[in-house]
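Peer 1: Heads up, the sequence shown is in the numbering used here, so the first residue is -19 and it goes up one at a time. For glycine and all other residues, C-beta sits at the position ideal for the given N, C-alpha and C. Quick caveat, the model's predicted, so the values are computed rather than measured. Sharing a structure here in structure tokens format.
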Amino acid sequence: MVVWLVGGIMADVPSHAFASDNAAPAHPAVIDAIVAANNGSVASYGNDPATQRAAEAVKTTFDSPDAEVLFALTGTAANVIALASAVRPWQEILCSDIAHSLVDEAGGPVRLSGAPVTKLRSDNGLIDPAVLDIEVARRGPVHHSQPRIVTITQSTENGRVWTPQAIKDFIDHAHDLDLLVHVDGSRIGNAVAALDISAPDAIADADIVTVGGTKNGMLMGDAILVRRPKSFDGIHFVQKQIGHLASKQRFIAAQFEAMLHDGLWLRTATHANRMATRLSAGFQALGLTLTSPTEANEVFVDLEPAAYAAVSAGYAVHRPDPLLPAVRFVCSWVTTEDEVDGVLELLAPFST
Ligand SMILES: Cc1ncc(COP(=O)(O)O)c(C=O)c1O
-19 MVVWLVGGIM ADVPSHAFAS DNAAPAHPAV IDAIVAANNG SVASYGNDPA TQRAAEAVKT
41 TFDSPDAEVL FALTGTAANV IALASAVRPW QEILCSDIAH SLVDEAGGPV RLSGAPVTKL
101 RSDNGLIDPA VLDIEVARRG PVHHSQPRIV TITQSTENGR VWTPQAIKDF IDHAHDLDLL
161 VHVDGSRIGN AVAALDISAP DAIADADIVT VGGTKNGMLM GDAILVRRPK SFDGIHFVQK
221 QIGHLASKQR FIAAQFEAML HDGLWLRTAT HANRMATRLS AGFQALGLTL TSPTEANEVF
281 VDLEPAAYAA VSAGYAVHRP DPLLPAVRFV CSWVTTEDEV DGVLELLAPF ST
């Protein structure tokens, strides 16, 4: 519990340490980079040197020399721009049953593309490649939407990671079926850090990737790595249409430069993952049930109503489905061991 001064009155406000990695502040190196970029007049709408350098840094990080890089202010926008530029209205976007693009973007991909988003069954966001065979079997007749792109999330919305082999197999199979693949990498840093692999191995042969910045320690901004530009014809126009071509793009670019410099993006992710591991181990020591394996920076645990009420008194936490007992705890680059232990203390009376 944190005591804040609200309008001159002391008020008890639950800590937001586990509400979301969006609740975390920006890393000081990011703020320093913004301040350094705040110098003189430069070309607008991404025609500035910082944008050029940041785009190169993203391409180098993901070993994608022929890619194009765009920047957006939010992860939702990056996903919508990527998906909407891949399809025509009679085509179809496939995703997991828990995909952010499906359940948390207010129908943005559908509105912007005119194409339906179809959910595939998954194991906490990990999809069996064989599921794609069933979907593409409906191709052909004029009566059906035509599957064109599948989006997967690394790390997934339920905190799982695609191993390098699993993501390679999935994407290769999707390509065999003439499907494009988008990776929602809003938490790609957490996956790379958790698996201790190279960034390219975390996305395999994906055609287009949302590269998360905000959750990783930036003030705001996510990138879109377009590795097969010909398949996303018009993407720059989609970005402009929905208002995500920032006129002062140097300030988003400067943040990416700072995060990708000297591995900062992996240090912030590693810390967040380590806190999640500690929390997860603590839950298990209390005999609580995880609803998804903890593999990155998110922990999902079943809490009975009294336990949920007890933890909510100290920490704002999210219940993805109000009808289910699973509660989500997200760790960020600023989560502390004391905060983790604070949660475990509140839940100690509910030990089984
Ligand atoms: C997996 C995933 N993708 C995309 C987003 C979208 O990010 P934003 O909130 O910046 O639009 C989120 C945000 O929570 C997310 O969890």
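(1) Closest by CA to residue 93, which one among 109, 106, 68?
(2) Taking the beta carbon of residue 178 as the centre, do at least 16 other beta carbons fall within 10 Å, making it buried, or is it exposed?
(3) Could you check whether the stretch 238 to 254 touches the stretch 213 to 228, counting it as contact only if at least three pairs of C-beta atoms, one from each stretch, sit closer than 8 Å?
(4) Helix, strand or coil, according to DSSP, for residue 99 in the structure here?
(5) DSSP on residue -6, reduced to helix/strand/coil?
(6) In terms of residues, what are the limits of the alpha helix (DSSP H) holding residue 250?
(7) Where residue 199 and residue 129 are concerned, what is the direct C-alpha to C-alpha distance, given to the nearest angstrom?
(8) Please list, in chain order, all residues of the same chain as residue 41 whose beta carbon is under 6 Å from its beta carbon, the five residues on each side excluded.
(9) Determine, using beta carbons only, whether residue 332 and residue 262 come nearer to each other than 7 Å.
(10) Answer with buried or exposed for residue 134, where buried requires no fewer than 16 other C-beta atoms within 10 angstroms of its C-beta.
(11) Under the three-state reduction of DSSP, which class applies to residue 63: helix, strand or coil?
(12) Is any heavy atom in ligand 1 found nearer than 6 Å to the beta carbon of residue 242?
(13) Can you give me the Cβ contacts of residue 287 inside the same chain, cut-off strictly under 7 Å, excluding the 5 residues immediately before and after it?
(14) Compute the minimum distance between the beta carbon of residue 20 and the heavy atoms of ligand 1, and state whether it is under 6 Å.
(15) By Cβ distance, which residues of its chain are closer than 6 Å to residue 255, with the 5 residues on each side in sequence left out?
(16) What residue ranges within the stretch 151 to 230 form continuous alpha helix (DSSP H) runs of no fewer than 4 residues, ordered along the chain?
(17) CA-CA distance, residue 207 and residue 271?
(18) Alpha carbons only, please: which of 215, 196, 13 is nearest the one belonging to residue 205?
(19) In the stretch 268 to 309, which residue ranges form an unbroken beta strand (DSSP E) of at least 3 residues, counting only runs that do not cross its ends?
(20) What three-state label does DSSP hand residue 73 in the structure shown?
(21) Would you list the residues sitting across from residue 52 in a DSSP beta bridge?
(22) Less than 6 Å between the CB of residue 133 and some heavy atom of ligand 1, yes or no?
(23) Roughly how many angstroms lie between the CA atoms of residue 145 and residue 23, to the nearest whole one?
(24) Check whether the Cβ atoms of residue -5 and residue 295 lie closer than 7 Å to each other.
(25) Within the same chain, show all residues whose beta-carbon is closer than 8 Å to that of residue 13, passing over the 5 residues directly before and after it, in chain order.
(26) What's the gap between the Cα of residue 365 and the Cα of residue 141?
Peer 2: Concretely, from the data shown:
(1) Distance from the Cα of residue 93 is smallest, within the candidate group 109, 106, 68, for 68.
(2) By the neighbour-count rule (16 or more Cβ atoms within 10 Å), residue 178 is not buried but exposed.
(3) The stretch 238 to 254 and the stretch 213 to 228 do not touch, with fewer than 3 CB-CB distances between them shorter than 8 Å.
(4) Strand, per DSSP.
(5) Three-state result, residue -6: coil.
(6) Per DSSP, residue 250 is one residue of the alpha helix (DSSP H) stretching across 244 to 265.
(7) One C-alpha to the other measures close to 30 Å.
(8) If the five residues before and after residue 41 are omitted, its C-beta is found closer than 6 Å to the C-beta atoms of 179, 240, all from its own chain and listed in chain order.
(9) Against a cut-off of 7 Å, the Cβ pair of residue 262 and residue 332 comes out as no contact.
(10) Burial call: buried.
(11) Three-state DSSP puts residue 63 in a helix.
(12) Incorrect: residue 242 has no Cβ contact closer than 6 Å to ligand 1.
(13) Residues of the same chain with a CB within less than 7 Å of the CB of residue 287, apart from the 5 flanking positions on each side, are 327, 330 in chain order.
(14) No, Cβ of residue 20 sits at least 6 Å from all heavy atoms of ligand 1.
(15) Non-local C-beta neighbours of residue 255 in its own chain, meaning closer than 6 Å and more than five positions away in sequence, comprise 311, 315, 320, ordered along the chain.
(16) Taking only runs of at least 4 residues, the alpha helix (DSSP H) segments lying wholly in the stretch 151 to 230 are 168 to 175, 179 to 183, 215 to 221.
(17) The straight-line gap from Cα to Cα measures roughly 35 Å.
(18) Minimum Cα distance to residue 205 is reached at 215.
(19) The qualifying runs are 270 to 272, 278 to 282.
(20) Looking at residue 73 - three-state DSSP - the assignment turns out to be strand.
(21) Beta bridge pairing from DSSP links residue 52 with 202.
(22) When distances are taken from the beta-carbon of residue 133 to the heavy atoms of ligand 1, the shortest one is below 6 Å.
(23) Computed Cα separation, rounded: 42 Å.
(24) Between residue -5 and residue 295, the C-beta gap is smaller than 7 Å, which places the two residues in contact.
(25) Only residues of its own chain outside the window of five on either side were considered, and among them 234, 235, 237, 238 have a CB closer than 8 Å to the CB of residue 13, listed in chain order.
(26) With the chain represented from -19 up to 332, any question about residue 365 goes unanswered, as that position is not in the structure.
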